[in-house]
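S.K.:
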Amino acid sequence: LQKEFNEEEVNKLLAVYELNEAKKMMRLMSTGDDQFIQNFLNSSNRLKDFNQEFNLLNRPF
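In our numbering, the protein residues as written are 8 to 68.
(1) Put Glu-25 into one of helix, strand or coil per three-state DSSP.
(2) Roughly how many angstroms lie between the CA atoms of Asp-41 and Asn-27, to the nearest whole one?
(3) Is it the case that the region 41 to 52 contacts the region 9 to 21, given that we only count it when at least three CB pairs across the two stretches are under 8 angstroms?
(4) How long is the line joining the alpha carbons of Arg-53 and Arg-34, rounded to whole angstroms?
(5) Comparing C-alpha positions only, which one of Val-17, Ser-50 and Lys-55 sits nearest to Lys-31?
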(Lines of atoms letter the chains of each structure in order from A and count residues from 1; the text may use other names and numbers.)
(Lines give C-alpha, C1' and ligand atoms only; values in the text may rest on other atoms or scores of the structure.)
Protein backbone atom coordinates (compact mmCIF):
# COMPACT_ATOMS: atom_id res chain seq x y z
CA LEU A 1 0.00 0.00 0.00
CA GLN A 2 1.51 3.28 -1.07
CA LYS A 3 0.28 6.70 0.01
CA GLU A 4 1.39 10.09 -1.19
CA PHE A 5 2.37 12.13 1.83
CA ASN A 6 2.17 15.83 1.42
CA GLU A 7 4.56 17.92 3.44
CA GLU A 8 1.83 19.89 5.20
CA GLU A 9 0.19 16.70 6.53
CA VAL A 10 3.53 15.41 7.78
CA ASN A 11 4.36 18.70 9.47
CA LYS A 12 1.00 18.68 11.26
CA LEU A 13 1.59 15.13 12.46
CA LEU A 14 5.10 16.00 13.62
CA ALA A 15 3.84 19.09 15.43
CA VAL A 16 1.26 17.04 17.33
CA TYR A 17 3.84 14.35 18.07
CA GLU A 18 6.36 16.91 19.33
CA LEU A 19 3.75 18.61 21.51
CA ASN A 20 2.88 15.28 23.11
CA GLU A 21 6.56 14.47 23.59
CA ALA A 22 7.14 17.87 25.22
CA LYS A 23 4.27 17.21 27.64
CA LYS A 24 5.76 13.81 28.47
CA MET A 25 9.16 15.43 29.00
CA MET A 26 7.68 17.91 31.47
CA ARG A 27 6.09 15.05 33.41
CA LEU A 28 9.34 13.09 33.35
CA MET A 29 11.40 16.00 34.59
CA SER A 30 9.06 16.39 37.52
CA THR A 31 9.76 12.74 38.49
CA GLY A 32 13.53 13.35 38.48
CA ASP A 33 14.16 9.89 36.98
CA ASP A 34 17.38 10.42 35.00
CA GLN A 35 17.31 7.05 33.20
CA PHE A 36 13.75 7.67 32.08
CA ILE A 37 14.64 11.13 30.82
CA GLN A 38 17.65 9.75 28.92
CA ASN A 39 15.50 7.10 27.24
CA PHE A 40 13.04 9.78 26.25
CA LEU A 41 15.75 11.99 24.74
CA ASN A 42 17.07 9.04 22.73
CA SER A 43 13.62 8.41 21.26
CA SER A 44 13.35 12.12 20.40
CA ASN A 45 16.60 11.88 18.44
CA ARG A 46 15.18 8.97 16.47
CA LEU A 47 12.29 11.21 15.42
CA LYS A 48 14.73 13.84 14.17
CA ASP A 49 16.60 11.17 12.16
CA PHE A 50 13.33 9.99 10.66
CA ASN A 51 12.38 13.55 9.79
CA GLN A 52 15.72 14.19 8.04
CA GLU A 53 15.43 10.97 6.03
CA PHE A 54 11.87 11.82 5.08
CA ASN A 55 12.95 15.25 3.85
CA LEU A 56 15.78 13.72 1.81
CA LEU A 57 13.44 11.21 0.19
CA ASN A 58 10.91 13.87 -0.71
CA ARG A 59 13.07 16.74 -1.88
CA PRO A 60 12.50 17.86 -5.45
CA PHE A 61 15.36 16.95 -7.81
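In this text, a Cβ means the ideal position worked out from N, Cα and C, and glycines have one as well.
M.R.: According to the structure shown:
(1) As a position in the sequence shown, residue 25 is number 18, starting the count at 1. Three-state result, Glu-25: helix.
(2) Taking the sequence shown and counting its residues from 1, one reaches residue 41 at position 34. Taking the sequence shown and counting its residues from 1, one reaches residue 27 at position 20. Distance between the alpha carbons of Asp-41 and Asn-27 is about 19 angstroms.
(3) Contact between the region 9 to 21 and the region 41 to 52 is absent, because fewer than three Cβ pairs lie under 8 angstroms.
(4) In the sequence shown, counting from the first residue as 1, residue 53 sits at position 46. In the sequence shown, counting from the first residue as 1, residue 34 sits at position 27. Between Arg-53 and Arg-34, the C-alpha separation is close to 20 angstroms.
(5) Mapped onto the sequence shown, residue 31 falls at position 24. Minimum Cα distance to Lys-31 is reached at Ser-50.
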